[in-house]
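Student:
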Amino acid sequence: MATYPNVNAANQYARDVVGGKILACQLTVLACQRHLDDLERAKDQRWPYRFDKNKAERFLRFSQKMPHTSGEWARRKQRIEFEPWQKFALGVPFGWVRKDSGFRRFTEIYIEVPRKNGKSAIAAAVGNYMFCADGEYAAEVYCGATTEKQAWKVFAPALAMVKKLPAMRNKFSIKPWAKKMTRPDGSIFVPVIGDPGDGDSPSCAIIDEYHEHDTDALYTTMTTGMGAREQPMTLIITTAGFDISSPCYEKRAQVVEILKRIREGGENESIFGIIYTIDDDDDWTKPEALIKANPNYGVSLKEGYLKSKQLLAMSTPSQTNKILTKHFNKWVSSKAAYYNLQKWMGAADKSLKLSDFSGDECYLGIDLASKLDLNAVVPVFRREIDGLSHYYCVGPMFWVPEDTVYSTDPALKTVAERYQSFVNQEVLIPTDGAEVDYRVIFEAILKLRETVKIASCPIDPYGATSISHMLADEGLEPITITQNFTNMSDPMREIEAAIAAGRFHHDGNPLMTWCISNVVGKHPPGSDDIVRPIKEGNGNKIDGAVSLMMGLGRALLNEPRDFLSTLDPDEDLVFL
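Residue numbering for the sequence shown follows this note's numbering, starting at 2 and increasing by one per position.
1) Since Val163 sits in a beta bridge, which residues does DSSP pair it with?
2) Buried or exposed for Asp217, going by 16 or more other Cβ atoms inside 10 Å?
3) So the beta strand (DSSP E) Ile123 belongs to, where does it begin and stop?
4) Do Tyr392 and Gly522 have their beta-carbon atoms positioned less than 8 Å apart in this structure?
5) Between the C-alpha atoms of Ile110 and Leu236, what's the straight-line distance to the nearest angstrom?
6) In terms of DSSP beta bridges, what is Leu236 paired with?
7) Let me check understanding here. Comparing Cα to Cα, which of Gln87, Trp86, Pro85, Thr70 lies closest to Gln79?
8) Report the three-state DSSP secondary structure of Ser422 (helix, strand or coil).
9) Relative to the C-alpha of Pro380, which residue among Ser548, Asn488, Met223 is closest?
10) Give the range of the alpha helix (DSSP H) segment to which Ser457 is assigned.
11) Quick check: what's the CA-CA separation for Asn9 versus Arg105?
12) Can you give the beta carbon distance from Phe329 to Pro115, rounded, assuming they're within the 8 Å contact cut?
13) What would DSSP say about Leu389, mapped onto helix, strand or coil?
14) Tell me whether Asn376 sits in a helix, a strand or coil according to DSSP, three-state version.
15) Could you spell out the range, first to last residue, of the alpha helix (DSSP H) harbouring Leu307?
16) With a CB to CB cut of under 6 Å and the five nearest residues on each side skipped, what residues in its chain are close to Ala176?
17) Taking its Cβ as the centre, do 16 or more other Cβ atoms sit within 10 Å of Lys120, making it buried, or is it exposed?
18) I'd like the ranges of any alpha helix (DSSP H) spanning at least 4 consecutive residues and lying wholly in the stretch 481-513.
19) Where does Arg562 fall in DSSP's three states?
20) Check whether the Cβ of Asn322 lies closer than 7 Å to any heavy atom of the ligand HEM, and answer yes or no.
21) Report the partner residues of Phe63 according to the DSSP bridge assignment.
22) Along the chain, where does the beta strand (DSSP E) that runs through Cys249 open and close?
23) Among residues of its own chain, excluding the 5 on either side of Pro534, which ones have a beta-carbon nearer than 8 Å to its beta-carbon?
24) Give me whichever residues DSSP pairs with Val401 in a beta bridge.
25) Hey, is the stretch 267-286 in contact with the stretch 14-31, meaning 3+ C-beta pairs nearer than 8 Å?
26) In terms of residue numbering, what span does the beta strand (DSSP E) encompassing Gly145 cover?
27) What residue from Tyr130, Lys454, Ile207, Cys394 has the CA that sits closest to Arg170's CA?
28) If you draw a straight line from the alpha carbon of Ser204 to that of Asp284, how long is it in whole angstroms?
29) Using CA atoms only, rank isn't needed, just tell me which of Lys88, Val18, Trp48, Ala75 is closest to Tyr5.
30) By DSSP, does Ile367 sit in helix, in strand, or in coil?
31) With DSSP as the reference, label Tyr14 as helix, strand or coil.
32) Pick out whichever of Arg76, Trp97, Phe83 has its Cα sitting closest to the Cα of Pro49.
33) Can you say whether His36 is buried or exposed, counting buried as having 16 or more other CB atoms within 10 angstroms of its CB?
34) Excluding the five sequence neighbours on either side, which residues of its own chain have a C-beta within less than 7 Å of the C-beta of Lys336, listed in chain order?
35) In terms of residue numbering, what span does the beta strand (DSSP E) encompassing Tyr340 cover?
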């Protein structure tokens, strides 16, 4: 009779988390609850998935035959022994299969866990299994990263494991080379910096520390190359980061919506995710917060080490964000960022359309920063609801020269890759050649006028002379707005206040979100109440945010005045 000690431990872990016996954050609880609910759903013959204990147990047993490759346990020549949380995080996605084919249900695993919680062992075990034990002919396993050092953090332990196991090498005919591993059937396991070649067909992609990636280029190339594979696997294993506009945070947001049952069906059924962190209302200075965020607390992470980090964060403000991110797994934006990106993203309503505002006045912020770079046109609308001003940013448009998007200049590599991602998302329009033709932008504004009533066009004076004349000739109202404290402070602060109060709404445009995330507040000496937007570094564009501020600034000027302000003191008498 078959026994399943590892699977039983994984299922017991899920029950203990849901039952409150194991301290865990809400997102971890939801991941465990999802699995337990799915076990019940699998009893319905119409539901397309079932949990195969044999496959889950096989993976977990194989992985725990791998030796430790560094530290105290390696010195003792010990094998890897997964903790219950690791058995759950890996056994569950490797156990669920489709009823019709027997192939894996999950083709993507997202694990977010703080530093020093055994990520490398998990990734190396998955890589070696997919390389030689998954039954995939001519398997191609890639450890993808943005730097060679990061790619080797996964591949080096996997290679060392194989070198320490001659029986494994002989059974699977593995050839461990200096920078890759191969098998006679054409299988390969190799670290990759950047994108794999166009001819590659990954059966497994391991993306370590995804939060360090500026764009989703590597992820997209890896996953789109898997089309010929019957049950590919992408493993994303990462800590939290500082950039909430990053592709990693976008993937995290998708996983959170899956766990909260906001997203169901379709591709969402093929993504397994588990996130270890603390809840928003937790006091991170308490000992319980360390236990909740770190599932390997007391195992690979010593209690004294974590408590010393916690004390450092409490006593040294400059270290707080870093420690919250790396040891509590909290996404913390750069201290310099002016807007709270989590609140900004909470103000998104992707159902908003320009046609919803056909009868509203539109304040069209225009920032033509450079013919060689990003240009933005942002429609802003104002509505009064229950006596309060609500603002809507809907249908922002962005242009950039095609030569900039596909630049081979090493100095422009990062921003070019990000632009390519936005082009692929259809939120950035590349124009022919090396410069943006302002006539293209002008025609887009005229097209917009067919849908909404443009009240005014606040425009940055830089390079705006020609298009200002064209707008004036069409009866539109170009208004030059210099980006100084006088013009920018009020709208910049009003956006912040409106977001916090639930009075600001936008359509979730990812390029606009990126621009907002790059805004840094500059204050004049001795005056924290006055501010204007700047950016840190040429690659951190804020053009969309500036256009939004200019548009909202005009909306502020056109707000209806309150009753008392309309009274003539010489004519009207008011008794209070």
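No residue lacks a Cβ here, since even glycine has one placed at the ideal position from N, Cα and C. Everything numeric in this text was worked out from a predicted model, so none of it was measured.
Tutor: So, to answer that:
1) DSSP output for Val163 lists no bridge partner at all.
2) buried
3) First-last for Ile123: 120-133, but that is the alpha helix (DSSP H), not the beta strand (DSSP E).
4) no
5) 5 Å
6) Ile110, Ile207
7) Thr70
8) helix
9) Ser548
10) Here Ser457 belongs to no alpha helix (DSSP H); instead the beta strand (DSSP E) covers 454-460.
11) 20 Å
12) 7 Å
13) strand
14) strand
15) 304-316
16) The identity of residue 176 in the sequence shown is Lys, whereas the question assumes Ala. If we look at Lys176 and ignore the five residues flanking it on each side, its Cβ neighbours are Thr183.
17) buried
18) 486-502
19) Below a pLDDT of 50, predicted positions are generally treated as unreliable, and Arg562, at 48, falls in that range; the measurement from the model is reported next regardless. Arg562 falls in the coil class under three-state DSSP.
20) This structure simply doesn't include the ligand HEM, nor any ligand for that matter.
21) Note: Phe63 sits in no beta bridge, so no partner.
22) Looking at the DSSP string, Cys249 is not in any beta strand (DSSP E); the run it does join, the alpha helix (DSSP H), is 248-260.
23) Tyr339, Gln484, Met489, Met493, Val520, Val521, Gly522, Lys523, Ile543, Ala546, Val547, Met550
24) Pro431
25) yes
26) 141-146
27) Tyr130
28) 42 Å
29) Lys88
30) strand
31) helix
32) Trp97
33) buried
34) Note that Lys336 scores a pLDDT of 46, beneath 50, so its modelled location is shaky and nothing firm can be said.
35) Looking at the DSSP string, Tyr340 is not in any beta strand (DSSP E), and its letter there is neither H nor E.
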